[in-house]
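Taken in order, the sequence shown gives residues 1 to 378; the numbers are from UniProt numbering. For every residue, glycine included, the Cβ atom is placed at its ideal position computed from N, Cα and C. Comments concern the structure below.
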Amino acid sequence: MKKLRVVILDDNKDYLESLSAFMRTSEETNQFIVTCFTEATNLHTYIHQGQQIDILLISTSLLTENLQVNPGTTIMTLEDDEVKGENGTNAIYRYQRLNQLISSMLAIYYEHNEVAGRLLSRSKQTRVIASYSTSGGAGKTTVAVNLSKQLALTDAKVFYLNLELFNSTSLYFTSAEDRPSLQIFYYVKAETEQLRSKLEALKKYDPYSMVDYFDLEISADEMLEMSEKDVGKLVNGIVETGTYDYVVVDLDSSLHERNIAVLKEADHVIWTIVNDVQSQLKLKSFFAEEEKLVGKENLVKDKTHVLLNKHIGTPVQHIEAAEMSIDGYLPYIETWSSMQSSSEILGNELFNQELQAIIQDKIIPVREGVAIGNREGN
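Structure, rendered in structure tokens:
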């Protein structure tokens, strides 16, 4: 994928080495070529040699009025205090968590370089995975959150997006950052060209699962107002950041247009069922009307993987009537029927062994030949 050329000028050598090392090695930042200077004269020489710079991170004390860079360079100042930069500069607080510093940097870059951001995103292939079921209580959220973590364990970059009417993201993912992602729906609905920069600024990272996500306030009204266009804009906005290998979208069981939009957009649909007649009937009924719901050009069946959840080894109801087959079996975990922590839900070895086997069989093979995650040579 295309890499951004980042140049850093700072006279704090220890900080410079720490930041540059993070940018070169972090799983989040495999898209940078980093060059560092501690002396302004060396930076001036580098610029006069005609070297391309996409982002120039510079200590405020070293920024001078006679600094001349190419028009395509975005200058950002490293600030010692959490204050806005002066004279129209783009300020970044240097002592924040490094992964958040990178997100802040990318947010500013995308805000000033929308076209460049789109070109950057096109160089990386991202798969959208919908977690869906026509049956409530089948366990599709449990599947979605565990799928997100298990994909991350394959060295992939993963974003989890919950679009349920009443989302339960906070039960599974947490972050040290105290910034909720409440503004995301405003920017999706607004006719703005800065959505990508806002996505970078509002996302959060869960260190246990190694997954990015939005900390969305539970708001049924917001979800019901989401149009197919809004959802497409949001999902494609995440894809077009160029950061992720997979975007896992957790849906509820309704046929609201936001769910239909994701089913159309998805590369894979993980369809969770349980071993009862209601679950089988609803699966069959959806696909009997599939063409009416999503159109001939968006048939869901061809990209659907049916997973039987809560399996206890009893004979399975047949689903041949829907011309479908079961692609995987996920075990019933008795301890999940009582109160449990996110680590218990995301850390069950038996459940995740089965889920990882499904990932290796059904999802990862599709990406053969595509660069994934922070692999060498990207």
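Those residues which DSSP pairs with residue i across a bridge
{"i": "Thr74", "result": "Ile55"}
{"i": "Gly347", "result": "In DSSP, Gly347 forms no bridge with anything."}
{"i": "Ile92", "result": "Leu78"}
{"i": "Arg127", "result": "Tyr246"}
{"i": "Gly328", "result": "Leu307"}
{"i": "Asp212", "result": "Phe159 and Tyr205"}
{"i": "Asp4", "result": "Here the sequence assigns Leu to residue 4, which means Asp is not the residue at that position. Paired residues: Phe32."}
{"i": "Val269", "result": "Ala130 and Thr304"}
Distance between beta carbons of residue j and residue i, contact taken as under 8 Å
{"i": "Leu251", "j": "Val239", "result": "Going by Cβ atoms, the distance from Leu251 to Val239 rounds to 17 Å, so no, they are not a contact pair."}
{"i": "Lys204", "j": "Glu177", "result": "5 Å"}
{"i": "Val247", "j": "Leu161", "result": "6 Å"}
{"i": "Ala266", "j": "Ala130", "result": "4 Å"}
{"i": "Ile53", "j": "Val34", "result": "That belief does not hold up - the Cβ atoms of Ile53 and Val34 are roughly 11 Å apart, past 8 Å."}
{"i": "Leu281", "j": "Ile273", "result": "About 10 Å; that fails the 8 Å criterion."}
{"i": "Ile184", "j": "Leu202", "result": "5 Å"}
{"i": "Asn90", "j": "Thr74", "result": "7 Å"}
{"i": "Tyr132", "j": "Trp271", "result": "6 Å"}
{"i": "Phe32", "j": "Val6", "result": "5 Å"}
{"i": "Asp221", "j": "Ser175", "result": "With 8 Å as the limit, Asp221 and Ser175 do not qualify as a contact, their Cβ atoms being about 25 Å apart."}
Under the three-state DSSP convention, the category residue i falls into
{"i": "Leu119", "result": "Here the model assigns Leu119 a pLDDT of 48, short of 50, so the residue's position is not dependable, and the following value carries that caveat. If DSSP states are grouped into helix, strand and coil, Leu119 belongs with the helices."}
{"i": "Ile363", "result": "helix"}
{"i": "Thr41", "result": "helix"}
{"i": "Asn113", "result": "coil"}
{"i": "Ile333", "result": "coil"}
{"i": "Leu101", "result": "helix"}
{"i": "His256", "result": "coil"}
{"i": "Leu106", "result": "helix"}
{"i": "Asn12", "result": "coil"}
{"i": "Tyr132", "result": "strand"}
{"i": "Met226", "result": "coil"}
{"i": "Glu17", "result": "helix"}
{"i": "Phe287", "result": "helix"}
{"i": "Gln280", "result": "helix"}
{"i": "Gln68", "result": "coil"}
{"i": "Asn146", "result": "helix"}
{"i": "Gln49", "result": "coil"}
{"i": "Gly237", "result": "helix"}
{"i": "Phe173", "result": "coil"}
{"i": "Ile358", "result": "helix"}
{"i": "Glu164", "result": "coil"}
{"i": "Glu200", "result": "helix"}
{"i": "Gly232", "result": "helix"}
{"i": "Ala138", "result": "coil"}
{"i": "Thr154", "result": "coil"}
{"i": "Val274", "result": "coil"}
{"i": "Val188", "result": "helix"}
{"i": "Val316", "result": "coil"}
{"i": "Leu251", "result": "coil"}
{"i": "Glu217", "result": "coil"}
8 Å Cβ cutoff met for residue i and residue j
{"i": "Ser18", "j": "Cys36", "result": "no"}
{"i": "His311", "j": "Asn275", "result": "yes"}
{"i": "Leu4", "j": "Ser59", "result": "no"}
{"i": "Asn352", "j": "Gln150", "result": "yes"}
{"i": "Gln358", "j": "Gly328", "result": "The question names Gln, but residue 358 in the sequence shown is Ile. Their beta carbons are under 8 Å apart, which means Ile358 touches Gly328 by this criterion."}
{"i": "Arg335", "j": "Glu349", "result": "Here the sequence assigns Thr to residue 335, which means Arg is not the residue at that position. No. Outside cutoff."}
{"i": "Leu199", "j": "Thr241", "result": "yes"}
{"i": "Lys303", "j": "Val269", "result": "yes"}
{"i": "Leu308", "j": "Val316", "result": "yes"}
{"i": "Ile218", "j": "Phe166", "result": "yes"}
{"i": "Val235", "j": "Ile260", "result": "no"}
{"i": "Thr134", "j": "Ser168", "result": "no"}
{"i": "Asn42", "j": "Leu355", "result": "no"}
{"i": "Met76", "j": "Leu57", "result": "yes"}
{"i": "Ser253", "j": "Gly136", "result": "yes"}
{"i": "Glu111", "j": "Gln51", "result": "no"}
{"i": "Thr126", "j": "Tyr244", "result": "yes"}
{"i": "Leu346", "j": "Tyr208", "result": "yes"}
Contact test: residue i Cβ vs the ligand ZN heavy atom, cutoff 7 Å
{"i": "Gly347", "result": "The ligand ZN is absent from the structure shown, which contains no ligands of any kind."}
Chain C within 8 Å of residue i, Cβ atoms only
{"i": "Gly137", "result": "The chain inventory of the structure shown lacks chain C, comprising one protein chain alone."}
| task | Count the CB pairs spanning the region 61-81 and the region 89-109 that are closer than 8 Å, and state whether there are at least three. | result | yes
| said: I want to know whether the region 211-226 touches the region 153-167 - three or more CB-CB distances under 8 Å. | reply: yes
| task | Answer yes if the region 144-154 comes into contact with the region 222-231, meaning at least three C-beta pairs across the two stretches below 8 Å, and no otherwise. | result | no
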